[in-house]
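>
Number of protein chains: 2
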Amino acid sequence: MLNGFYKRLLPSPPAIDFVSNNGKKLFLEAYQNGTMQGFNSLISHFQTQTELTYCGLASLTMVLNSLAIDPGRKWKGPWRWFDESMLDYCGPLETVRANGISFEKLASLGHCAGAKVEAFRASNITIDDFRKYVTKCSTTDDCHIIASYHRAALKQTAGGHYSPIGGYHAGKDMVLILDVARFKYPPHWVPLSLIWEGMNYTVGSTGKTRGFLLVSRPHKEPNMLK
Amino acid sequence: MLNGFYKRLLPSPPAIDFVSNNGKKLFLEAYQNGTMQGFNSLISHFQTQTELTYCGLASLTMVLNSLAIDPGRKWKGPWRWFDESMLDYCGPLETVRANGISFEKLASLGHCAGAKVEAFRASNITIDDFRKYVTKCSTTDDCHIIASYHRAALKQTAGGHYSPIGGYHAGKDMVLILDVARFKYPPHWVPLSLIWEGMNYTVGSTGKTRGFLLVSRPHKEPNMLK
């Protein structure tokens, strides 16, 4: 017997594997209906979290690269490009490697990296508000959503997790989770109400609920535009 | 002025940016026509080459993970998953880091990692054969193609490069290149005839043409199936 795990079986229902026939059908319907407008930019930057505690950093890196935010410093050779290892704006990454990252700190990191970040705790808004933001970001290239949720709501193993939302199927009211733990679960469709339920789990250390980050390019004055 | 480059302008024509309106239109048409069947599995594993010389390793890693080939050893924690750094089946990766990787060696690596790999030099087949294989792999999840080409054919800067083909638009006879140098160019559609032209450039050190690798899961005898 080999040691370790080769992926985990995606609990389905409630999730629908993006690579399955049903997942492809949902994808095509949503694409035709115009609620996958942000998909192309986000999927072009899909990545695996490089450390088991880097789900937040990987999600943010995907979104920053998707929004074409210039990090202003080099990654490799002459190229400026966001990599998780470069998200040290708020201090060294050792604590993230040890413990993961808090909701507030991830929002700060996005802001310091040059994005506009609006943070929403599930306790402070309604599911209708959440659906409104999902609809907004799925119908443009202008913003992306990083969900902070507890996997138990999706019957998945392990606890708190971050991943971007890659699109929306309005007819079925389902979102496409681009899970950065790709070694574990493939991208999957889940009912919007369930990811919302996952956002409503409280974080033990703070007593606050999870939620989501709405990330976009910062507004520039006309004279700042090139 | 910042040092370095923030991406390169995609020469268009001949390429069409996947994230542009025209790129999305081509994508939807191809998807509806059933020649993006391999897209979902491949895009679910899209990644950036982690070294400037790792285009071959990144392309192979994408394809191995897409085909759900179990590496039989752990990546991080308990998880078995292909990472470029694990493609050392044919020896240490120092020479790849220094010089990139040859067509034969990349094929060997794929084979040693557990895949079935068929290598085609452009000089040995016809464009019609190439189109046949592209059609085959774009209409199933069973195989993926890694193109080995010279960027000059696409009016792109720098020389030889590897990247997987993510799909096919039969009506326009265009392929979707999932460029692993994502810090440089986004995924892009190009005429199949031009990537074929890029495969026909000779490699200086060998005098042989480039070509493509057709990668699939190895055939298993019925009694080997679980």
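Line order of the protein sequences matches chains X and S. For the first sequence, my numbering begins at 833 and goes up steadily by one. For the second sequence, my numbering begins at 833 and goes up steadily by one. We treat Cβ as the ideally placed atom computed from N, Cα and C, and that holds for glycine.
Confirm, please, whether the CB-CB distance from VAL1047 of chain X to CYS975 of chain X is below 8 Å.
Indexing the first sequence from 1 puts residue 975 of chain X at position 143. Indexing the first sequence from 1 puts residue 1047 of chain X at position 215. Going by C-beta atoms, CYS975 of chain X is nearer than 8 Å to VAL1047 of chain X.
> With distances taken Cα to Cα, identify the nearest neighbour of ARG963 of chain X among X:MET1006, X:GLY992, X:LYS937 and X:ASN931.
As a first step, residue 963 of chain X must be located in the first sequence, where it is residue number 131. Ranking the options by Cα distance to ARG963 of chain X, first place goes to X:MET1006.
> Run through chain S and tell me which residues come within less than 7 Å of HIS976 of chain X, C-beta to C-beta.
Numbered from its first residue, the first sequence carries residue 976 of chain X at position 144. Within chain S, no residue comes near HIS976 of chain X; the closest Cβ sits about 13 Å away, beyond 7 Å.
> Considering Cα atoms alone, identify which of S:PRO924, S:THR927, S:CYS922 and S:LEU896 is closest to ARG912 of chain S.
Along the second sequence, one-based indexing puts residue 912 of chain S at 80. When only C-alpha atoms are compared, the closest one is S:LEU896.
> Ignoring anything shorter than 4 residues, give me the alpha helix (DSSP H) runs that lie fully in the segment 896-960 of chain X, in order along the chain.
926-931 and 935-944
> Could you give the first and the last residue of the continuous beta strand (DSSP E) run that contains TYR1000 of chain S?
Position 168 of the second sequence, counted from the first residue, corresponds to residue 1000 of chain S. From DSSP, the beta strand (DSSP E) with TYR1000 of chain S extends over 992-1001.
> At a CB distance below 7 Å, what residues from the segment 904-922 of chain X approach chain S? Give them in sequence order.
GLY904, LYS906, TRP907, LYS908, GLY909, PRO910, TRP911, ARG912 and TRP913
> Which partner residues of ALA979 of chain X appear in the DSSP bridge assignment?
If you number the first sequence from 1, residue 979 of chain X lands on position 147. Partner residues in the beta bridge of ALA979 of chain X, as assigned by DSSP, are X:SER995 and X:PHE1044.
> Which same chain residues, not among the five before or five after PHE878 of chain X, have their C-beta less than 7 Å away from its C-beta?
Position 46 of the first sequence, counted from the start, is the residue given in the question as residue 878 of chain X. Closer than 7 Å at Cβ, skipping near neighbours: MET894 and LEU1010.
> Quick one: is THR958 of chain S near chain X, going by C-beta distance under 8 Å?
Indexing the second sequence from 1 puts residue 958 of chain S at position 126. With 8 Å as the cut-off, THR958 of chain S does not count as an interface residue toward chain X.
> On the premise that LEU858 of chain X lies in contact with LYS1004 of chain X, defined as a C-beta separation below 8 Å, what is that separation, rounded to the nearest angstrom?
For this step, residue 1004 of chain X is matched to residue 172 along the first sequence. For this step, residue 858 of chain X is matched to residue 26 along the first sequence. That pair is a contact at about 7 Å.
> Taking HIS982 of chain X as the reference, give the member of X:TRP1028, X:ASN872 and X:LEU1045 with the closest Cα.
Position 150 of the first sequence, counted from the first residue, corresponds to residue 982 of chain X. With distances taken between Cα atoms, HIS982 of chain X lies closest to X:TRP1028.
> What residue does the beta strand (DSSP E) around LEU1008 of chain X start on, and which one ends it?
Counting from 1 along the first sequence, the entry for residue 1008 of chain X is found at position 176. From DSSP, the beta strand (DSSP E) with LEU1008 of chain X extends over 1006-1009.
> Is there a Cβ from chain X that is less than 8 Å from the Cβ of ASP961 of chain S?
Here residue 961 of chain S corresponds to residue number 129 of the second sequence, with the count starting at 1. Not one chain X Cβ lies under 8 Å of ASP961 of chain S.
> If you reduce the DSSP assignment to three classes, tell me which class PHE837 of chain X lands in.
Here the question's residue 837 of chain X lines up with position 5 in the first sequence. PHE837 of chain X: strand per DSSP, three-state reduction.
> Just the Cα atoms here: how many angstroms apart are GLY991 of chain X and ALA984 of chain X?
Stepping through the first sequence from its first residue, residue 991 of chain X is reached at position 159. Stepping through the first sequence from its first residue, residue 984 of chain X is reached at position 152. Looking at the two C-alpha atoms, the distance is approximately 7 Å.
> Determine, for GLY1003 of chain X, whether the minimum Cβ-Cβ distance to residues of chain S falls below 8 Å.
The residue given as residue 1003 of chain X occupies position 171 in the first sequence. Taking Cβ atoms only, chain S never reaches closer than 8 Å to GLY1003 of chain X, which makes this a no.
> Cβ atoms of ARG840 of chain X and LYS1016 of chain X: under 8 Å apart, would you say?
As a working note, residue 1016 of chain X is residue 184 in the first sequence. As a working note, residue 840 of chain X is residue 8 in the first sequence. Cβ atoms of LYS1016 of chain X and ARG840 of chain X: closer than 8 Å.
> Excluding five sequence neighbours on each side, which residues of the same chain lie with their C-beta closer than 8 Å to the C-beta of TRP907 of chain X?
On the first sequence, residue 907 of chain X is found 75 positions in, with the first residue counted as 1. Excluding sequence neighbours, TRP907 of chain X sits near TRP913, PHE914, ASP915 and MET918.
> Look at the Cβ atom of GLY870 of chain S, then the Cβ atom of GLY999 of chain S, and state whether they are nearer than 8 Å.
Taking the first residue of the second sequence as position 1, residue 870 of chain S is located at position 38. Taking the first residue of the second sequence as position 1, residue 999 of chain S is located at position 167. In this structure, GLY999 of chain S lies closer than 8 Å to GLY870 of chain S by Cβ.
> Just mark THR880 of chain S as buried or exposed, buried being the case when its beta carbon has 16 or more other beta carbons within 10 Å.
Taking the first residue of the second sequence as position 1, residue 880 of chain S is located at position 48. The residue is buried, with at least 16 neighbouring Cβ atoms inside 10 Å.
> Identify the residues that DSSP records as bridge partners of ASP974 of chain S: which are they?
Position 142 of the second sequence, counting from 1, holds the residue named residue 974 of chain S. Per DSSP, ASP974 of chain S has no beta-bridge partner at all.
> At which residues does the alpha helix (DSSP H) containing GLN864 of chain S begin and terminate?
One-based indexing of the second sequence puts residue 864 of chain S at position 32. First-last of the alpha helix (DSSP H) with GLN864 of chain S: 853-864.
> Alpha carbon to alpha carbon, what distance is there between TYR838 of chain S and SER910 of chain X?
The count along the first sequence starts at 1 and reaches residue 910 of chain X at position 78. The count along the second sequence starts at 1 and reaches residue 838 of chain S at position 6. First, the amino acid is wrong: residue 910 of chain X is Pro here, not Ser. If I take the Cα positions, the gap works out to 9 Å.
> What residues from the segment 1011-1022 of chain X come within 9 Å of chain S, judged by C-beta to C-beta, listed N to C?
Listed by position along the chain: ALA1013, ARG1014, PHE1015, LYS1016, PRO1018 and PRO1019.
> Which residue's Cα is closest to the Cα of ILE901 of chain S: S:LYS937, S:ALA947 and S:SER844?
Here residue 901 of chain S corresponds to residue number 69 of the second sequence, with the count starting at 1. Of the listed residues, the one whose Cα sits closest to ILE901 of chain S is S:ALA947.
> Using a beta-carbon distance below 8 Å, is SER873 of chain X in contact with chain S?
As a working mapping, residue 873 of chain X is identified with position 41 in the first sequence. True, the Cβ-Cβ gap to chain S drops below 8 Å.
> Using a C-beta to C-beta distance shorter than 7 Å, which residues of chain S count as neighbours of LYS856 of chain X?
Within the first sequence, residue 856 of chain X is the residue found at index 24, counting from 1. Within 7 Å Cβ-Cβ: ASN872.
> CA-CA distance, LEU938 of chain X and ASN853 of chain X?
On the first sequence, position 106 is the one that residue 938 of chain X refers to. On the first sequence, position 21 is the one that residue 853 of chain X refers to. Distance between the alpha carbons of LEU938 of chain X and ASN853 of chain X: 35 Å.
> Just list the residues that DSSP pairs VAL1022 of chain S with in beta bridges.
To locate residue 1022 of chain S, count along the second sequence from 1; it is residue 190. DSSP, once it has assigned bridges, lists S:VAL1007 as partnering VAL1022 of chain S.
> For GLY1043 of chain X versus THR971 of chain X, is the C-beta distance shorter than 8 Å?
Here residue 1043 of chain X refers to the residue found at position 211 of the first sequence. Here residue 971 of chain X refers to the residue found at position 139 of the first sequence. The answer is no: Cβ separation not under 8 Å.
> Taking the alpha helix (DSSP H) that LEU874 of chain S belongs to, which residues open and close that run?
Within the second sequence, numbered from 1, the residue matching residue 874 of chain S stands at position 42. Counting along the chain, the alpha helix (DSSP H) containing LEU874 of chain S begins and ends at 871-875.
> Check whether the Cβ atoms of PRO1019 of chain S and SER898 of chain X lie closer than 8 Å to each other.
Translated into positions along the second sequence, residue 1019 of chain S becomes position 187. Translated into positions along the first sequence, residue 898 of chain X becomes position 66. Against a cut-off of 8 Å, the Cβ pair of SER898 of chain X and PRO1019 of chain S comes out as no contact.
> Please classify GLY1036 of chain S as buried or exposed, where buried requires at least 16 neighbouring CB atoms within 10 angstroms.
The residue given as residue 1036 of chain S occupies position 204 in the second sequence. Label assigned to GLY1036 of chain S: exposed.
> Use the C-beta contact count for ALA930 of chain X: other C-beta atoms within 10 angstroms, 16 or more gives buried, fewer gives exposed.
Working through the first sequence from its first residue, we reach residue 930 of chain X at position 98. Exposed: under 16 other Cβ atoms inside 10 Å.
> Alpha carbon to alpha carbon, how far is GLY923 of chain X from THR882 of chain X?
For this step, residue 923 of chain X is matched to residue 91 along the first sequence. For this step, residue 882 of chain X is matched to residue 50 along the first sequence. When rounded, the distance between both Cα atoms is 19 Å.
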